[in-house]
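Protein sequence lines, in the order shown, are assigned to chains A and B.
Its first residue numbered 1, the first sequence is counted upward by one per residue in the UniProt record's numbering.
Its first residue numbered 1, the second sequence is counted upward by one per residue in the UniProt record's numbering.
Here is the structure we will look at.
There are 2 protein chains.
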Amino acid sequence: MKESKVPTLKSIAEKLNISVTTVSKALKGYSDVSPVTRQKVLDIAEELNYTPNSIAVNFRTKQSKTIGIIIPEVVHHFFSSIINGVIEEAERQNYFVIILQSNENKEMEKKQVELLISKRVDGIIMSLSNQSNDEDYLKKIIDRNIPLVLIDKISKLIDCSKVIIDDKKAAFDAVNHLINIGCKKIAHIRGPLNPQNSIDRFLGYKTALDHHNIPFDSSLVYPCKRVCYEEGYDFTKQLMNDHPDVDGIFAITDLVAVGALTYLNDQQIKIPNQVAVIGFSNWFMSSVISPKLSTIDQPGFKMGAQAFLLLKEEMESMRNAGKRVCKTITLNTDLIIRESTSK
Amino acid sequence: MKESKVPTLKSIAEKLNISVTTVSKALKGYSDVSPVTRQKVLDIAEELNYTPNSIAVNFRTKQSKTIGIIIPEVVHHFFSSIINGVIEEAERQNYFVIILQSNENKEMEKKQVELLISKRVDGIIMSLSNQSNDEDYLKKIIDRNIPLVLIDKISKLIDCSKVIIDDKKAAFDAVNHLINIGCKKIAHIRGPLNPQNSIDRFLGYKTALDHHNIPFDSSLVYPCKRVCYEEGYDFTKQLMNDHPDVDGIFAITDLVAVGALTYLNDQQIKIPNQVAVIGFSNWFMSSVISPKLSTIDQPGFKMGAQAFLLLKEEMESMRNAGKRVCKTITLNTDLIIRESTSK
DNA sequence: GGTGATTTCGAAATCGTTTTCGATTATGAA
DNA sequence: TTCATAATCGAAAACGATTTCGAAATCACC
């Protein structure tokens, strides 16, 4: 094995018989080093293929230049889109991103938070699990003065910056669209009772009904626990038994909507003529399923990018002013009309 | 703003009027510190909520305890499954994972490699872009003695550890299955010409034909460039024009197969009776599409987990023996039979 | 040539932890 | 008591880069 040592400032300094200080200054463009010396340093650095030891720089500057993001799961169209946005923007700003998963589990989420804290990341982006709300480990992030941005799955009880969509309005748009194409009896396969966006989408559903003077019927609302394909299928089955005259379904997310579509297809129930279906989130899947699924486009990538920018603002504010920004950014959603609601 | 300093070894030492050395030793369980002192140290550490500054530890031990993974894209069922496997196993072993994307672009991939090298990660896992083969930046990783594991999209020309599936055998199984259910004229919508697994799957296709004495017809092979849904749709259209009597399609990946299914559905072509279709990879989507898609299950999660374990072996071998392991692990695939090939 | 200003450089401290090695004290045996 | 041994602790160096501060050398100007 070769003794090819990794080059350091010292190696360069020794080769030129000058001090480490001067080498450092030359490389960083300080004004108190002569052009001649600077050039010699640059040449040797180039020759040795020198790159600063970023672990040492991190140590010295007390910044890890790394942020952490905790999400429920990676293998998920929306969350992976968020990750994509975060790491693209982070890379542009010279930050690395550590990804951790909570698996929708509160204990796991707590563990991940503590891991990130102990590893001294510069900031944290989180999308909460369905179980969590104002947990003490979230407050710990605040107490420790660690920059924090919540994204999409937020808690109203935690005082920090947030990147969200207007779930209530988006849900309103979806249900309003169903009503506009003639649906009279619309069911809602909703999410769990705890998460904020599940609540807001339910409220949007209700508001749209109100707006068109359609009486709200709680027996038309089915709450998912795991928010999965199977629940979409099973609840639709149950729904069609309970209310054979239902003519519209608004599902909390595309995955559930696809489950609904599958049941309706299996039963030869005409979509959208007998039952129209609209989902939420605009997963890739929804544009290749048959019939193609109408949905609400939720800009995951953009949300991720925004979240990083906001986190950076938080990090700078904390460093300079010692206090948080606590800004909430609300991004627009779009109603995507496809076959499942095109009568 | 409070002056709540982050506790260090020094804070503890000062509080107890002992040396930093002893505190460090007490916390690390050295034998040359008395039980009494140790307990006092542990108590104070507990009280101050001390956690070691891992940036300092990294600096001291010259290990970042962080690995990097470069993949073509995050928003992708298979690759996100790999990531999931890597980070789960890495977390168990106390490592962090940095994720970077090449976007199937060679220049980007090069940039990402250099970024990871300059940031001094302890090891790198890579799934190559379609453009890359034995690029010089890959050799640079080898030259710099950085542990490397290639996963799934590998290059035979780079000498390092690898985690793969037997693409040729898996493709053979898929096509063999088509033949067994009675297909006589089977088309292959293949991947680009460069990537190894695209080549191997093509070879598996050819071998299966040979094995059943079906003559190979190169006009039945359509090469994708971007390996996307649209190509699956368009090539199937072209295929059905060129060869109306084709009765089986083997697609390089589920995404392409779903494009094929959609075209066939649009044209009211019966699946699988007129044309049977099989994909590759077992994306979630393929089990909810109609008809449900037969495919080859590619164990992304397991591959990711294995890749990390192998990388760890590489890291230890490099540290201790100064040389690479260069082991190749081949994981099993499963033939998943669903509606699209159930005559 | 003398004075002050400017240019150019380097010594040294610092960040927090780990580890080596030596010093000191206590203990035990003779 | 004496000497050897064991038990316990701490000083100091090291990791690599950055930055402050002061020293030295050069220059400009009268």
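Just so it is clear, CB atoms sit at the ideal spot from N, CA and C, and this is done for glycine as well.
Model, not experiment: these values are computed from the prediction.
If we define contact as Cβ-Cβ less than 9 angstroms, is LEU293 (chain A) a contact residue for chain B?
no
Please determine if the stretch 107-126 of chain B and the stretch 36-56 of chain B are in contact, where contact requires at least 3 C-beta pairs separated by less than 8 angstroms.
The way I'd put it, the stretch 107-126 of chain B doesn't touch the stretch 36-56 of chain B; fewer than three beta-carbon pairs between them come closer than 8 angstroms.
Can you list, in chain order, the residues of its chain whose CB lies under 7 angstroms from that of LYS327 (chain A), leaving out five sequence neighbours each side?
Taken in chain order, the residues that qualify are SER161, LEU310.
Starting from the beta carbon of ARG120 (chain B), find every residue of chain A whose beta carbon is closer than 7 angstroms, and list them in chain order.
Correct list: ASN53, SER54, ILE55.
Out of A:LEU293, A:LEU138, A:ILE151, which one is the CA nearest neighbour of LYS302 (chain A)?
A:ILE151
Note the first and the last residue of the continuous beta strand (DSSP E) segment covering TYR222 (chain A).
221-223
Below 6 angstroms CB to CB, which residues in the same chain sit around LEU138 (chain A) once its five sequence neighbours on both sides are set aside?
ILE158
Quick check on DSSP: helix, strand or coil for THR253 (chain B)?
coil
Distance check for HIS76 (chain A) and SER294 (chain B), CA to CA, integer angstroms please.
22 angstroms
Whole-angstrom distance between LYS156 (chain A) and ASP134 (chain A), CA atom to CA atom
8 angstroms
Measuring only between beta-carbons, confirm whether MET240 (chain A) sits less than 9 angstroms from chain B.
no
Interface residues of chain B facing TYR229 (chain A) [CB-CB closer than 7 angstroms]
VAL288
Tell me the rounded alpha-carbon separation between ILE252 (chain B) and THR207 (chain B).
15 angstroms
GLU3 (chain A) versus GLY191 (chain B): straight-line alpha-carbon distance, rounded
Reliability fails at GLU3 (chain A), whose pLDDT of 44 lies under 50, so the model's placement of it is uncertain and no value is given.
Between the stretch 241-252 of chain A and the stretch 175-187 of chain A, are three or more C-beta pairs nearer than 8 angstroms?
yes
Give the residues from the stretch 247-269 of chain B that approach chain A closer than 7 angstroms (Cβ to any Cβ), ordered along the chain.
VAL258, THR262, ASN265
Is the separation between the beta-carbon of THR333 (chain A) and that of ILE296 (chain A) shorter than 9 angstroms?
It is a contact, given that the beta carbons lie within the stated cut-off.
Near PRO72 (chain B), which residues of its chain fall below 6 angstroms by C-beta distance, leaving aside the five closest residues on each side in sequence?
SER102, GLU104, SER129
So with Cβ pairs under 9 angstroms, would you call SER64 (chain B) a contact of chain A?
At a cut-off of 9 angstroms, the C-beta of SER64 (chain B) has a neighbouring C-beta in chain A.
Within 10 Å of its beta-carbon, does PHE216 (chain B) have 16 or more other beta-carbons around it, so buried, or fewer, so exposed?
exposed
Beta-carbon of SER127 (chain B) versus every beta-carbon of chain A: anything under 9 angstroms?
no
Closest residue to THR61 (chain B) among B:ILE336, B:ARG319, B:SER342 (Cα-Cα distance)
Among B:ILE336, B:ARG319, B:SER342, the Cα nearest to that of THR61 (chain B) belongs to B:ARG319.
ARG60 (chain B) - DSSP class collapsed to helix/strand/coil:
helix
Give a yes or no on whether the C-beta atoms belonging to ILE98 (chain B) and THR51 (chain B) are separated by under 9 angstroms.
no
Does THR8 (chain B) come out as helix, strand or coil in the three-state DSSP assignment?
coil
Reduced DSSP secondary structure (H/G/I, E/B, other) of PHE235 (chain B)
PHE235 (chain B) falls in the helix class under three-state DSSP.
Straight-line Cα distance separating SER64 (chain A) from THR8 (chain B):
17 angstroms
For a minimum of 4 consecutive residues, which ranges assigned as the alpha helix (DSSP H) are wholly contained in the stretch 160-236 of chain A?
167-180, 196-211
Do PHE280 (chain A) and ALA257 (chain A) come within 9 angstroms of each other at the CB atom, strictly closer than that value?
yes
Shorter than 9 angstroms from the beta carbon of MET303 (chain A) to some beta carbon of chain B?
no
With 9 angstroms set as the bound, which would you pick, yes or no: does the beta-carbon of GLN101 (chain B) sit closer than that to a beta-carbon of chain A?
yes
What is the DSSP secondary structure of ILE82 (chain A), reduced to helix, strand or coil?
helix
Please tell me whether SER340 (chain A) and LEU255 (chain A) are closer than 9 angstroms, where the distance is taken between their beta carbons.
no
Contact with chain B by ILE164 (chain A), beta-carbon distance below 9 angstroms
no
Anything in chain A within Cβ reach of HIS77 (chain B), meaning under 8 angstroms, just list it in chain order.
VAL75
Give the secondary structure of LEU310 (chain B) by DSSP, where H, G and I count as helix, E and B as strand, and everything else as coil.
helix
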